[in-house]
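Here's the structure, in structure tokens; my notes come after.
Number of protein chains: 4
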Amino acid sequence: MSRTGPRRSESIRVAVLNAADDLLVEQGFAATTIEGIATRAGVAKQTIYRWWKSKVEILLDALEDDALEGLAWAEPAGTPVEDLVTHLHRVADFFQEPAGQVLQALLGNAQLDQDAAVALREGFLRGQRERDLVGLGAIVERHTGKAPDREHLGRLADLLLGPIYYRVLVFGAPADKELGEAAAHLVLRSTD
Amino acid sequence: MSRTGPRRSESIRVAVLNAADDLLVEQGFAATTIEGIATRAGVAKQTIYRWWKSKVEILLDALEDDALEGLAWAEPAGTPVEDLVTHLHRVADFFQEPAGQVLQALLGNAQLDQDAAVALREGFLRGQRERDLVGLGAIVERHTGKAPDREHLGRLADLLLGPIYYRVLVFGAPADKELGEAAAHLVLRSTD
Amino acid sequence: MSRTGPRRSESIRVAVLNAADDLLVEQGFAATTIEGIATRAGVAKQTIYRWWKSKVEILLDALEDDALEGLAWAEPAGTPVEDLVTHLHRVADFFQEPAGQVLQALLGNAQLDQDAAVALREGFLRGQRERDLVGLGAIVERHTGKAPDREHLGRLADLLLGPIYYRVLVFGAPADKELGEAAAHLVLRSTD
Amino acid sequence: MSRTGPRRSESIRVAVLNAADDLLVEQGFAATTIEGIATRAGVAKQTIYRWWKSKVEILLDALEDDALEGLAWAEPAGTPVEDLVTHLHRVADFFQEPAGQVLQALLGNAQLDQDAAVALREGFLRGQRERDLVGLGAIVERHTGKAPDREHLGRLADLLLGPIYYRVLVFGAPADKELGEAAAHLVLRSTD
DNA sequence: CACTAAACGAGACGGTACGTCTCGTCTTGTG
DNA sequence: CACAAGACGAGACGTACCGTCTCGTTTAGTG
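Read top to bottom, the protein sequences are chains A, B, C and D. My numbering numbers the first residue of the first sequence as 1 and each following residue consecutively. My numbering numbers the first residue of the second sequence as 1001 and each following residue consecutively. My numbering numbers the first residue of the third sequence as 2001 and each following residue consecutively. My numbering numbers the first residue of the fourth sequence as 3001 and each following residue consecutively.
Set out below in structure tokens:
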């Protein structure tokens, strides 16, 4: 016997996520207020608070819909080095897209708010880290013939992705192609 | 003939910077309000607005007083690789200190606010980048016997520092010792 | 079909008017700040600004609730002269009451602020003038047997009320009984 | 042996009084701030505070220079009734002049501030009341042949001047000629 | 096909901080 | 030592959002 009455409106959910996304890209994170999202989505504030705890949760929700593919590791399509370079370029490009800006904003906010940091890590980063280790592990295994242990793999991931995030988060500029290539070659050579 | 009247009070400047620093470490960036800083420093709000445009400027001012030495490159004390590893460890440790937390917060805020991003880059990051290139250039030169060109040097800096910042900013955890060592060896080996 | 959502809280309205009244009597007009009223009424500042434009409007609102009866003309109870004297005494006494102090303060403020002057006249004085002319007209008619024209009536009102207001506003002292009596006799005799 | 060093500058005193006067007429009492007066007079704020306790004192100072003659009782020039009417017209006109506006503002402010009220009464009104009683006393004596006692005289003054002040302070409009004439005739007739 | 009961819009409300304004005091160097 | 210049502590201003709350109204189901 299920309960009576209306169910959560999917159209509202979508309208809110889109409004949040749009506001973030157009006005920035600080100007993306719950009130603004509500107005833009044509929705009452209370309706938002009923389903999300904070704007961070909204943006996380929006991120999940978009970021998974933007940061996904592709199927092998060339040599391991080529595939790795391709992936790093893809990551660098991702931050130019709306979803990448959302992630960038959430990462920024995570530096300022412990709760938001936890939510981001639990809600996105941990899963992404897992996917990165799997994707990178496959490439390394194709390159060297055996899978490195998890700790080693994590370090490799840091060495590869760190410089790209560094350029974006610290200098606000996308990583250039050469940086990805240099990182890929250095790191794969180190596994020989 | 200089102008008459009272001059800017240095003791107020120091009190404000300390209050801001303390509040940031104790309560976090969001809870570090101008009003709170003023109360804590025993100063009128207007006095703060007279000299600083925003709390970001205050924290930048505080950073300048503290971060320069925390991220400075030391004089040669061992082999180039040893010195590089030492420096990377130092950078990793820096983010555990108050000044490092200030930098972390400002980097986070810079993702959310274009103006703050510009202020941070002009006020701190550009100078720090310069110091990093000089310091790293010296080490590379000692290692290889000749100085790499500026573009190459920049890439090396990204590859070395990126992973450390990545761990701090993305995972909120300090880089472990091995990461710095791996980065140092990889990068210096690449210059052979 | 009326609009949805919560309605204006009457209890808040009353709390604000009382707080304003109390503060004015206890601390004076200048010390009666919106902030103080809000605190005293246990209400958010924004709530006050939602419903009133300024403290003058609040006091006008408070005045409306109280001053109407304090300055009302009573039903005939004796000879016209007796009734007129009674009314003038009543007006003189009115300025000793809280509502009278509110009116006094608003009159004072009206000298200093054109907008406040207009608000006071539109919001209270015009109506009171009308009531005064009607009340006085009835007494004169009882006394002489015919109603004077409006212009004449206005002059009589000025001659009767002027001295009382003069004593209050210029000398800060209530008019004594004799002044009212003298005014009443002089003016009524002039209509013979 | 008088003390050494510069004395109070008379030119500053005049500049301040003029600036205050001008500001009051142009901008109103509220906008007439000490800071504004200082700027306009080309004088330092501290210099004003050295010699006056508040803007009320400044305006009182300014009033003394101007109001004495504006409200003075003239020498006999016609019948007592004519002279009284002339004086009442003069009082009504006075409030259209700058000095009259200063007095009006000070009267307004006196309703809002006890200290200011005391200062105004001590600094101006008491003396003016005295002059009014003397002037009116002379007229009454000319009219009836004997001087009324002080209490009676005071009541007559209230009956004569009250209506004029009432129109100005309550309705913000000058008393018309008829009002003065009516008051003069009524009051003088009452002394027969 | 009423009858529920939750979802929803609208928006009032107590708070907190914002950045601005002006006050009256205090400090510093000049004439 | 009077003065200009102006820094300073204090505190109210009016605004923006926050997150909570109370209202009708609308929208499914369930009986």
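The beta carbon of each residue, even a glycine, is placed where N, CA and C say it ideally should be. Since the model is a prediction, treat every value here as computed from it, not as a measurement.
Could you name the residues of chain C that D:Q3096 contacts, counting a contact when the two beta carbons are closer than 9 Å?
Simply none; closest approach about 14 Å.
Given a limit of 8 Å on CB to CB distance, which residues of the region 3159 to 3183 of chain D reach chain C?
Per Cβ criterion, the list reads L3159, L3161, G3162, P3163, I3164, Y3165, Y3166, R3167, L3169, V3170, F3171, G3172, A3175, E3178, L3179, A3182 and A3183.
Counting only C-beta atoms, is A:Q111 closer than 8 Å to chain B at any point?
Answer yes: the Cβ-Cβ gap between A:Q111 and chain B drops below 8 Å somewhere.
Short of 6 Å in beta carbon distance, which residues of its chain neighbour D:R3003, apart from the five on each side in sequence? Order them along the chain.
Confidence at D:R3003 is low in this model, with a pLDDT of 49, below 50, so the placement of that residue should be treated as unreliable; the coordinate-derived value is given next. Excluding positions up to five away in sequence, the list is empty.
Anything in chain B within Cβ reach of A:A117, meaning under 7 Å, just list it in chain order.
Those are G1172, listed as they occur along chain B.
Nearest-angstrom Cα separation, counted from B:L1160 out to B:K1146:
Near 19 Å, if we compare the C-alpha coordinates of B:L1160 and B:K1146.
Opening and closing residue of the alpha helix (DSSP H) in which C:L2125 lies:
Note, C:L2125: premise wrong, no alpha helix (DSSP H); not H, not E.
Would you kindly check if the distance between the Cβ of C:L2136 and the Cβ of C:V2102 is under 8 Å?
For C:V2102 and C:L2136, no; Cβs fall outside 8 Å.
Please name the residue, chosen from D:A3173, D:A3116, D:T3047 and D:R3121, that lies closest to C:F2171 on a Cα-to-Cα basis.
Cα-wise, what sits closest to C:F2171 is D:R3121.
Own chain partners of D:T3086 with C-beta closer than 8 Å, once the 5 adjacent residues on each side are dropped
Residues A3074, A3077 and G3078 of the same chain have their beta carbon placed closer than 8 Å to that of D:T3086, with the five preceding and five following residues left out of the count.
A:L188 at chain B interface by Cβ criterion, 8 Å:
Taking 8 Å as the CB threshold, A:L188 stays off the interface with chain B.
Check this for me: beta carbons of A:F124 and A:L60, under 8 Å apart or not?
Yes. Within cutoff.
B:R1007 - DSSP class collapsed to helix/strand/coil
Reduced to three states, the DSSP call for B:R1007 is coil.
Ranges of the beta strand (DSSP E) found wholly within the region 3033 to 3057 of chain D, counting only runs of at least 3:
Counting only runs of 3 or more, we get nothing.
Could you have a look at A:G78 and say whether DSSP puts it in helix, strand or coil?
Secondary structure at A:G78: coil, using DSSP grouped into helix, strand and coil.
Who are the neighbours of D:F3124 on chain C, taking C-beta pairs under 9 Å?
The premise fails here: D:F3124 is roughly 11 Å from chain C at the closest Cβ pair, so nothing lies under 9 Å.
D:G3108 touches chain C at which residues, Cβ-Cβ below 8 Å?
Going along chain C in sequence order, the residues near D:G3108 (Cβ under 8 Å) are L2107, G2108, N2109, A2110, Q2111 and L2112.
Contact between the region 1111 to 1119 of chain B and the region 107 to 114 of chain A (3+ Cβ pairs under 8 Å):
These segments touch.
Can A:P163 and A:A175 be called in contact, C-beta distance under 8 Å?
Yes; because the gap between Cβ atoms is below 8 Å, this pair is in contact.
Local Cβ density within 10 Å of B:V1187, reported as buried at 16 or more and exposed below that:
With at least 16 other beta carbons inside 10 angstroms of its own, B:V1187 counts as buried.
Could you have a look at B:K1177 and say whether DSSP puts it in helix, strand or coil?
In this structure, B:K1177 counts as helix in the three-state DSSP scheme.
Sorted by chain position, which residues of the same chain lie with C-beta nearer than 6 Å to C:A2041's C-beta, five sequence neighbours on each side aside?
Excluding sequence neighbours, C:A2041 sits near A2015, V2016 and A2019.
For the alpha helix (DSSP H) that contains A:G162, what are its first and last residues?
Residues R150 to F171.
Does DSSP put D:F3095 in a helix, a strand or coil?
The answer is coil: DSSP assigns D:F3095 none of H, G, I, E or B.
If the criterion is Cβ atoms closer than 8 Å, does the pair A:L156 and A:R167 meet it?
No. Outside cutoff.
Report the rounded CA-to-CA distance for A:S54 versus B:E1069, giving the unit in angstroms.
Taking C-alpha positions only, A:S54 is separated from B:E1069 by approximately 38 Å.
When you compare the CB of B:R1155 with every CB in chain A, is at least one pair closer than 8 Å?
With its beta carbon less than 8 Å from one in chain A, B:R1155 belongs to the interface.
I need the DSSP call for A:D83, collapsed to helix, strand or coil.
In the structure shown, A:D83 sits in a helix (DSSP, three-state: H, G or I).
Considering only the alpha carbon of each residue, which of A:A116, A:A31, A:G127 and A:L84 lies closest to A:R189?
Among A:A116, A:A31, A:G127 and A:L84, the Cα nearest to that of A:R189 belongs to A:L84.
Taking a contact to mean a Cβ-Cβ separation below 8 Å, would you say D:A3067 touches D:A3099 in this structure?
Contact: yes.
Once the 5 residues before and after C:P2148 are set aside, which same chain residues still bring their CB inside 6 Å of it?
The beta carbon of C:P2148 is closer than 6 Å to those of V2140 in its chain, skipping five residues each way along the sequence.
Alpha carbon of D:G3154 to alpha carbon of D:R3129, nearest angstrom
Each residue's alpha carbon lies about 9 Å from the other.
Which residue's Cα is closest to the Cα of C:A2116: C:I2058, C:K2177 and C:G2028?
Ranking C:I2058, C:K2177 and C:G2028 by Cα distance to C:A2116 puts C:I2058 first.
Chain B residues whose Cβ lies nearer than 9 Å to that of A:G28
Ordered by position in chain B, the residues that pass the 9 Å Cβ test against A:G28 are L1112, D1113 and Q1114.
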